[in-house]
Ligand code: FE
Ligand code: FE
Ligand code: ZN
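Right under this line is the structure:
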């Protein structure tokens, strides 16, 4: 069965995320640990969290993804911003220890014209400070579109980060289909070659999740504007091949398309119909 869900709002608590996911016929989900722009977090309601954990098991939700705020920049040129990123990372990882089978997905960083290599070293430094030995959560580096000074729009940049992580078993990758297409990887007409390249450079065993999005822009545009499934440049044929690819089909797929719950429900219906 296709493991699919969408990005759900966490503003009405944890159990509401389960209700929303069941409503759209999902069996996995992604949520923001805090306000995606400001990084502010609400106080954790432990009763709600306990209920959430119980229900998740009951409904067979496999790995779920927590998305770090966009405002995090581990490779900032300002130490103040890196301190902020470090603190958020630490406190989110601490919270996620209470949520079994979690992935913590984040955007590797923006190099702010310091150059990719300096940025990569800064990212590695913080990751090695915050990842701890007995941690249950796997951290996911998201593949990026290469907008502005984003780090992580080519597989080798992600590999260079992973190579220097002390606890390598705590790190994986989340492939965003809109981002990789915008970054210039031809998942539209040659998915298998892109996966071969991923495997050669990073290793497919590191690939833990897919952000399933269409793109408003053609391959290589470096724009990062998500489109509804089948309405963009990636298109339904390529998306059909992605969800049915033997190397991908068992991963959790998360929709981050511009939709309300009704729209997600329709997309999931369409995708479940295509899934073999
Ligand atoms: Fe993201
Ligand atoms: Fe994404
Ligand atoms: Zn995006």
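In our numbering, the protein residues as written are 3 to 278. Idealized CB from N, CA, C, for every residue including glycine. None of these values were measured; they are calculated from a predicted model.
Considering only residues of the same chain and omitting the five flanking positions on each side of residue i, which have a CB-CB separation below 8 Å?
{"i": "residue 168", "result": "130 and 133"}
{"i": "residue 125", "result": "76, 77, 110, 111, 153 and 163"}
{"i": "residue 244", "result": "179, 189, 193, 212, 214 and 250"}
{"i": "residue 145", "result": "154, 155, 157, 160, 175, 176, 177, 178, 181, 182 and 185"}
{"i": "residue 204", "result": "157, 160, 161, 164 and 175"}
{"i": "residue 24", "result": "61"}
{"i": "residue 17", "result": "50, 53, 54 and 57"}
{"i": "residue 135", "result": "169"}
For the putative contact between residue i and residue j, defined by C-beta atoms under 8 Å, what is the C-beta separation to the nearest angstrom?
{"i": "residue 49", "j": "residue 98", "result": "That pair is no contact at about 18 Å."}
{"i": "residue 115", "j": "residue 75", "result": "At roughly 13 Å, the Cβ-Cβ gap does not stay under 8 Å, so residue 115 and residue 75 are not in contact."}
{"i": "residue 185", "j": "residue 224", "result": "7 Å"}
{"i": "residue 239", "j": "residue 181", "result": "Contact flag wrong, Cβ pair sits at about 20 Å."}
{"i": "residue 175", "j": "residue 193", "result": "Incorrect: roughly 16 Å between the Cβ atoms, too far for contact."}
{"i": "residue 211", "j": "residue 61", "result": "With a Cβ gap of about 18 Å, residue 211 and residue 61 do not count as contacting."}
{"i": "residue 103", "j": "residue 64", "result": "7 Å"}
{"i": "residue 20", "j": "residue 44", "result": "At roughly 17 Å, the Cβ-Cβ gap does not stay under 8 Å, so residue 20 and residue 44 are not in contact."}
{"i": "residue 276", "j": "residue 5", "result": "No, residue 276 and residue 5 are not in contact; Cβ-Cβ is about 14 Å, not under 8 Å."}
{"i": "residue 231", "j": "residue 217", "result": "Actually they are not in contact, since the Cβ atoms of residue 231 and residue 217 sit about 11 Å apart, beyond 8 Å."}
For ligand 2, is there a heavy atom less than 6 Å away from the beta-carbon of residue i?
{"i": "residue 258", "result": "yes"}
{"i": "residue 178", "result": "yes"}
{"i": "residue 109", "result": "no"}
{"i": "residue 213", "result": "yes"}
Say yes only if the C-beta of residue i is nearer than 6 Å to one or more non-hydrogen atoms of ligand 3, and no if none qualify.
{"i": "residue 226", "result": "yes"}
Would you say the beta carbon of residue i is closer than 6 Å to some non-hydrogen atom of ligand 1?
{"i": "residue 96", "result": "no"}
{"i": "residue 144", "result": "yes"}
Give every residue of the same chain whose Cβ lies closer than 7 Å to the Cβ of residue i, excluding the five residues on either side of it in the sequence, and list them in chain order.
{"i": "residue 73", "result": "39, 40 and 41"}
{"i": "residue 172", "result": "133, 137, 140 and 141"}
{"i": "residue 95", "result": "106, 132, 137 and 139"}
{"i": "residue 15", "result": "47 and 50"}
{"i": "residue 88", "result": "128, 131 and 132"}
{"i": "residue 122", "result": "153, 159, 162 and 163"}
Please return the same chain residues whose Cβ sits closer than 6 Å to the Cβ of residue i, not counting the five positions on each side in sequence.
{"i": "residue 215", "result": "179, 180, 228, 258 and 259"}
{"i": "residue 32", "result": "9, 67, 69 and 256"}
{"i": "residue 84", "result": "78"}
{"i": "residue 282", "result": "This structure cannot speak to residue 282, because the chain is shown only from 3 to 278."}
{"i": "residue 92", "result": "132"}
{"i": "residue 166", "result": "126"}
The segment 21–41 touching the segment 254–266, judged by at least three CB pairs closer than 8 Å = yes
Sufficient close CB pairs (3 or more, under 8 Å) joining the segment 243–261 to the segment 6–13 | yes
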